[in-house]
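Peer 1: My questions will all concern the structure given below.
There are 2 protein chains.
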Amino acid sequence: MTANRPRIVLFAADHGVCAEGVSAYPQEVTAQMVMNFLRGGAAINAFARSGGIELKVVDIGVAASLPASDDLVARRVARGTRNFCQEPAMTEEQLMCALNAGIELALESAIAGCDLLGFGEMGIGNTTSASAIAAALTGNTPEAVVGCGAGADEACLARKRSAIRRALDLHADSLQDPLGILRCVGGLEIAAMCGFCFGAAARRVPVVTDGFIATSAAALAVHLSPSVSGYLFASHRSAEPGHAFFLSLLDQDPLLDLAMRLGEGTGAALAVKVIQAAVAAFTGMATFASAGVSNR
Amino acid sequence: MTANRPRIVLFAADHGVCAEGVSAYPQEVTAQMVMNFLRGGAAINAFARSGGIELKVVDIGVAASLPASDDLVARRVARGTRNFCQEPAMTEEQLMCALNAGIELALESAIAGCDLLGFGEMGIGNTTSASAIAAALTGNTPEAVVGCGAGADEACLARKRSAIRRALDLHADSLQDPLGILRCVGGLEIAAMCGFCFGAAARRVPVVTDGFIATSAAALAVHLSPSVSGYLFASHRSAEPGHAFFLSLLDQDPLLDLAMRLGEGTGAALAVKVIQAAVAAFTGMATFASAGVSNR
């Protein structure tokens with residue numbers, strides 16, 4: 012058991028539901044933040060540098076042109092999802108492409124020797140998507156699962172709840188199974204993170220979730236394949252209220268509770284350090300006998 | 012603001028109150044664990060290695076002969092404290108020597124360039140001492156502040172409560188001020204950790220407490236000099252019940268709550284990683300403007 016080669020994979024994608032005015036920030040912030048990740052200026056960059064954690068940034072569905080970069084994994088499935096208040100967020104084919112990309116990135120990470128994986132996301136509008144998933148998966152109302160995401164005000168919150176309510180009505184017939192939920196109200200980054208959980212579990216590499224949106228992907232993965240849960244660590248308890256529903260589905264107590272609500276894999280990065288310490292204790296400690304300590 | 016040179020100082024000492032049968036382990040375990048620290052076999056060694064944290068082990072009052080070692084800071088004030096059920100745990104002079112040793116070790120650490128300090132302890136019997144401090148400082152009963160320490164059973168717990176009750180009676184007149192408490196029912200490592208808080212604060216270096224016993228020292232330091240609290244971080248919430256009383260005196264929410272109860276600075280070591288990440292975010296992140304991110 013080792014945890015010397017941690018890697019966090021960060022999936023970025025845009026969301027058609029932004030057209031409903033559900034976010035405090037304009038959609039172009041997704042691409043701007045991807046550029047910020049590539050320049051090393053975001054919180055996750057600081058956490059990863061501080062923690063000696065490798066970071067991979069994946070464009071799985073950003074709706075803007077991004078310059079080619081050795082540091083950006085270009086796996087774009089579409090220029091964002093469709094507006095799920097009007098039609099399914101993605102096609103069957105897009106869903107499979109995004110899931111596969113996530114699986115492949117986990118397998119590649121394992122083959123590269125990574126022994127502890129984490130994942131995070133960036134996508135303006137994606138708390139609306141994760142809230143819709145929470146409502147569909149747990150049967151809770153939009154009111155119960157919606158929080159202010161990246162700083163939504165009251166009017167914005169009302170639009171979020173309304174968008175989710177309309178989407179649950181529109182797609183009711185398709186929301187009976189996890190793949191239907193993912194396709195109709197999910198996001199490309201959420202599908203990729205779901206696949207990432209499969210890939211990590213398939214290679215028996217422990218994988219650390221992040222906050223609300225990342226954990227929506229983990230919850231879907233465990234619904235689809237319960238054995239994934241043995242490889243999952245819940246990193247932190249997000250301040251976003253819907254997170255608790257996913258943690259309870261996963262039956263996991265997160266390692267940290269620091270009132271963070273940023274996403275980007277920031278919770279995963281902190282939890283990686285705790286897990287590394289635990290692994291070091293399991294593998295590097297003397298026993299009472301070998302240390303010559305008197306037992307009771 | 013930097014946190015690149017973390018150091019944890021581990022203070023070991025013995026306790027005369029062990030004669031009352033208050034611990035599940037024999038007193039010689041203190042020295043045996045010091046040897047284990049020096050060989051790198053304890054949990055704190057694993058955590059420190061995993062986290063890139065420098066560790067200093069200080070003999071401030073072990074009751075057994077220890078071999079000279081470059082890795083052991085020899086600052087022994089006495090061969091353990093006296094049994095505080097019969098007399099004050101230490102003399103005025105011993106108290107001052109232990110406090111001074113702690114102050115000096117913090118000053119030396121700051122001069123050596125350490126920019127983030129933590130402290131921990133090893134001392135069979137020292138949860139009895141910390142529980143007595145909690146009772147004396149907060150006015151709570153021995154019943155409320157006593158926990159099972161390193162695995163005390165019911166009979167052992169009863170002896171712990173009884174020892175504390177008798178000590179509170181015997182020293183009632185001297186327990187009106189923090190120095191009196193420290194001298195009568197404290198420990199040499201607790202006095203040294205109290206001094207360590209002073210030294211760190213005097214040099215304006217942030218200092219991370221550990222569990223129940225370490226936090227008893229921090230609480231006494233803040234009682235003696237309230238300005239110390241601005242430099243203190245509470246690392247974790249120990250599973251030892253008395254810890255909550257000290258955290259509440261300090262008015263601090265700990266960073267972690269992992270049901271740990273080991274001491275040795277293990278909680279401090281984990282918290283150091285969280286604090287380093289926070290400092291990295293404060294000092295290494297782009298602003299919205301510098302990253303070209305659209306504001307609302």
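Taken in order, these protein sequences are the chains called A and B.
Note that the first sequence covers residues 12 to 307 in this note's numbering.
Note that the second sequence covers residues 12 to 307 in this note's numbering.
A virtual CB, placed ideally from N, CA and C, is assigned to each residue, including glycine.
For a quick check, are the C-beta atoms of A:V239 and A:A212 less than 7 Å apart?
Peer 2: Contact: yes.
Peer 1: Starting from B:E132, trace the beta strand (DSSP E) both ways and give me its first and last residue.
Peer 2: 127-133
Peer 1: On the DSSP letters alone, give me the boundaries of the beta strand (DSSP E) that A:F22 sits inside.
Peer 2: 17-24
Peer 1: Would A:F58 count as contacting chain B if we go by Cβ distances under 7 Å?
Peer 2: Cβ-Cβ to chain B under 7 Å: yes for A:F58.
Peer 1: Can we say the region 176-186 of chain B touches the region 141-150 of chain B, given the rule of at least three CB pairs closer than 8 Å?
Peer 2: yes
Peer 1: For a contact defined as C-beta to C-beta under 8 Å, what are the partners of A:E39 on chain B?
Peer 2: S305
Peer 1: On the DSSP bridge assignment, give the partners of A:G72 in chain order.
Peer 2: A:A24
Peer 1: Which term fits A:D180, buried or exposed, when burial requires 16 or more other beta carbons within 10 angstroms of its beta carbon?
Peer 2: exposed
Peer 1: Given a cut-off of 7 Å, decide if B:G276 and B:G129 are closer than it, judged by their beta-carbon atoms.
Peer 2: yes
Peer 1: With respect to the alpha helix (DSSP H) encompassing B:V156, which residues constitute its N-terminal and C-terminal limits?
Peer 2: 153-156
Peer 1: Is the region 111-121 of chain A touching the region 209-225 of chain A in the sense that three or more CB pairs, one from each, lie closer than 8 Å?
Peer 2: yes
Peer 1: Which residue wins for smallest C-alpha separation from B:D164, given the options B:V33, B:L21, B:D81?
Peer 2: B:V33
Peer 1: Once you ignore the five residues that flank A:R176 on each side, which residues in its own chain have a CB closer than 6 Å to its CB?
Peer 2: Hits under 6 Å: P153.
Peer 1: Helix, strand or coil, according to DSSP, for B:H254 in the structure here?
Peer 2: It is helical.
Peer 1: Please list the segments of the beta strand (DSSP E) lying wholly inside the region 73-129 of chain B, counting only runs of 3 or more residues, in order along the chain.
Peer 2: 83-85
Peer 1: When the Cα of B:V73 is compared with those of B:I64, B:A85, B:L66, B:G63, which residue comes out closest?
Peer 2: Answer by Cα proximity: B:A85.
Peer 1: So what does DSSP say about A:V283, is it helix, strand or coil?
Peer 2: helix
Peer 1: With a CB to CB cut of under 7 Å and the five nearest residues on each side skipped, what residues in its chain are close to B:D262?
Peer 2: The beta carbon of B:D262 sits closer than 7 Å to none of the beta carbons in its chain outside the five residues before and after it.
Peer 1: Between B:G295 and chain A, is there a C-beta pair that is closer than 7 Å?
Peer 2: At a cut-off of 7 Å, the C-beta of B:G295 has a neighbouring C-beta in chain A.
Peer 1: Which first and last residues belong to the alpha helix (DSSP H) in which A:T2 is found?
Peer 2: This structure cannot settle anything about residue 2 of chain A, because the visible part of chain A is limited to 12 through 307.
Peer 1: How would you call A:A298, buried or exposed, if buried means at least 16 neighbouring beta carbons within 10 angstroms?
Peer 2: The sequence shown places Thr at residue 298 of chain A, rather than the Ala named in the question. By the neighbour-count rule (16 or more Cβ atoms within 10 Å), A:T298 is not buried but exposed.
Peer 1: Grouping DSSP H, G and I as helix and E and B as strand, with all else coil, what is A:V309?
Peer 2: Outside the modelled stretch of chain A, which goes from 12 to 307, sits residue 309 of chain A, for which no answer is possible.
Peer 1: Roughly how many whole angstroms lie between the Cα atoms of A:D82 and A:P37?
Peer 2: One C-alpha to the other measures close to 25 Å.
Peer 1: Does DSSP classify B:L66 as helix, strand or coil?
Peer 2: strand
Peer 1: Closer than 8 Å by beta-carbon distance: list the chain A residues that pair up with B:L179, in chain order.
Peer 2: Ordered by position in chain A, no residue passes the 8 Å Cβ test against B:L179, which lies about 27 Å from the chain.
Peer 1: Give a yes or no on contact between the region 226-240 of chain B and the region 45-59 of chain B, applying the rule of three or more CB pairs nearer than 8 Å.
Peer 2: no
Peer 1: Determine which residues share a DSSP beta bridge with A:L267 and list them.
Peer 2: A:H247, B:L267
Peer 1: If you draw a straight line from the C-alpha of B:G274 to the C-alpha of B:C167, how long is it?
Peer 2: 20 Å
Peer 1: Sort B:E98, B:A270, B:A174 by Cα distance to B:H247 and report the nearest one.
Peer 2: B:A270
Peer 1: Cβ of A:I286 within 7 Å of Cβ of A:A14?
Peer 2: yes
Peer 1: Is DSSP giving A:V218 helix, strand or coil here?
Peer 2: In this structure, DSSP gives A:V218 an extended state, which the three-state scheme calls strand.
Peer 1: Reducing DSSP to helix, strand and coil, say where A:E31 ends up.
Peer 2: helix
Peer 1: Which chain A residues are close to B:G52, counting only those with a beta carbon under 9 Å from its beta carbon?
Peer 2: G295, M296, A297, T298, S301, A302
Peer 1: So, under 8 Å CB-CB, A:K67 and A:L118 are touching, yes? Tell me the CB distance rounded to an integer number of Å.
Peer 2: Contact between A:K67 and A:L118 does not hold, since their C-beta atoms are separated by about 13 Å, which reaches or exceeds 8 Å.
Peer 1: Looking at the secondary structure, which residues open and close the alpha helix (DSSP H) in which B:M44 lies?
Peer 2: 40-50
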